[in-house]
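Numbering (my numbering), first residue to last: 462 to 926.
Glycine included, C-beta positions come from ideal geometry on N, C-alpha and C.
Source: prediction; values computed, not measured.
First the structure, in the form of structure tokens, and then the observations on it.
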Ligand code: MN
Ligand code: MN
């Protein structure tokens with residue numbers, strides 16, 4: 462019959478929700494609740510590392526530095542400058558036969574404070590910012606914002622800041638022009654509607670009560686900060702303070718089928734891979750989880766994936782398992798596999814024109830794989846080998862995990878990249894594999910709970926293979 466031939470020959474692309482029972486649905490929803498808790502305590506890379514460390518330690522992971530030697534079954538983590546983290550479970554197989562890595566990133570687009578951020582104008586105090594990552598600037602005005610990060614004083618004392626998340630905290634915001642007077646602004650191109658130099662965060666308006674003082678509102682803010690944190694204006698010079706949306710992660714829709722939250726790129730893959738690693742037992746091939754920093758600005762710097770820190774980490778595993786010998790690190794990479802766990806653009810019917818519908822990732826159809834990324838003729842892409850795509854397909858299919866393989870958008874419409882090429886250049890077999898997202902890089906991003914759970918199952922199955 463023709464219908465059967467369809468079933469047999471077509472690559473069916475189905476909505477995942479159709480094929481699940483009540484038990485699976487409950488698992489999806491309760492997993493997503495844990496994920497939303499993670500998001501609410503992990504808005505920045507430093508906070509994500511702290512939360513991941515707590516989760517890892519409560520699952521028996523210990524700091525690599527506390528181990529003199531490593532044996533199969535040992536659970537280890539390594540934290541790089543509080544901003545990126547590697548976790549591993551040593552397998553029964555030798556590392557030189559290859560390891561299996563899932564690599565996500567925990568930095569997200571945001572506004573960083575400038576080194577000299579504080580100023581006063583016309584009775585208001587502000588922080589100047591320099592945006593981090595690819596943002597649409599107009600999306601960051603007139604929303605509640607919080608401040609996260611550290612101030613390190615010249616004597617080394619470190620002060621951790623987190624203001625605007627607790628319901629009793631004040632929040633901050635960036636103002637925008639009223640429509641009544643926005644005639645010129647509204648004629649501008651969208652990308653020029655809000656200027657980068659105008660992303661100034663409103664902080665306060667009460668002047669310090671001293672007639673002889675200058676810049677009284679700024680002084681009052683500094684006085685508040687001095688009393689609370691014992692800092693002066695110069696201490697901003699050695700700070701990393703990040704302005705992020707103060708929104709909480711929430712279930713989205715009457716059916717609560719989606720998650721709306723800040724920073725899901727790429728904490729959705731970070732959390733699902735972390736949770737998958739926590740669920741592993743009897744590991745055969747050494748499993749490594751990367752939570753990287755600086756992906757959103759090109760993976761440069763010593764907490765980014767381009768750094769030698771990861772090579773150092775793997776070398777330490779080789780040293781402490783007693784396997785190491787000259788040039789062995791190169792061999793390990795050449796025989797290894799990685800899922801570059803990063804989000805994908807979800808098909809948005811409101812903006813359908815940018816996607817090729819037959820090659821787009823849809824929310825609710827399962828984990829999304831990208832054979833390649835790049836732009837304008839795959840430029841800059843790591844293009845996964847067909848043999849490796851087949852290998853991962855087999856893992857997914859035999860574990861009954863629904864997946865989709867897609868492209869970021871139409872040819873020549875745009876493009877993007879992940880950490881995939883960095884590992885591929887070391888010789889690792891790589892494919893991008895993550896969760897489709899709507900409104901990527903916006904202050905409030907949308908994912909499907911079905912895909913979140915599908916990603917968790919994918920990373921788990923990959924490591925168990
Ligand atoms: Mn990403
Ligand atoms: Mn991104």
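Beta bridge counterpart(s) of residue i as assigned by DSSP
i, result
"residue 703", "573, 609"
"residue 753", "566"
"residue 536", "550"
"residue 899", "907"
"residue 801", "564, 893"
"residue 591", "573"
"residue 865", "829"
"residue 542", "BP columns for residue 542 are empty, so no partner."
"residue 712", "720"
"residue 876", "836"
"residue 922", "None; residue 922 has no bridge partner."
"residue 822", "807"
Bounding residues of the alpha helix (DSSP H) (the contiguous stretch that carries residue i)
i, result
"residue 654", "651-654"
"residue 793", "789-795"
"residue 494", "483-502"
"residue 884", "881-887"
"residue 761", "Note, residue 761: premise wrong, no alpha helix (DSSP H); not H, not E."
"residue 648", "644-648"
Simplified DSSP state of residue i, which is helix, strand or coil
i, result
"residue 848", "helix"
"residue 840", "strand"
"residue 578", "strand"
"residue 684", "helix"
"residue 473", "coil"
"residue 674", "coil"
"residue 912", "helix"
"residue 524", "strand"
"residue 619", "strand"
"residue 585", "strand"
"residue 806", "strand"
"residue 633", "strand"
"residue 695", "helix"
"residue 813", "helix"
"residue 624", "strand"
Boundaries of the beta strand (DSSP E) in which residue i is found, first to last residue
i, result
"residue 507", "Segment 506-519 is the alpha helix (DSSP H) holding residue 507; no beta strand (DSSP E) there."
"residue 725", "Element bounds for residue 725: not the beta strand (DSSP E) but the alpha helix (DSSP H), 725-739."
"residue 779", "Per DSSP, residue 779 belongs to no beta strand (DSSP E); it is in the alpha helix (DSSP H), 770-781."
"residue 662", "662-665"
Check each residue's C-beta against every heavy atom of ligand 3 and list, in chain order, those closer than 7 Å.
-> Judged by which ligands are present, ligand 3 is missing from the structure shown, whose ligands are ligand 1 and ligand 2.
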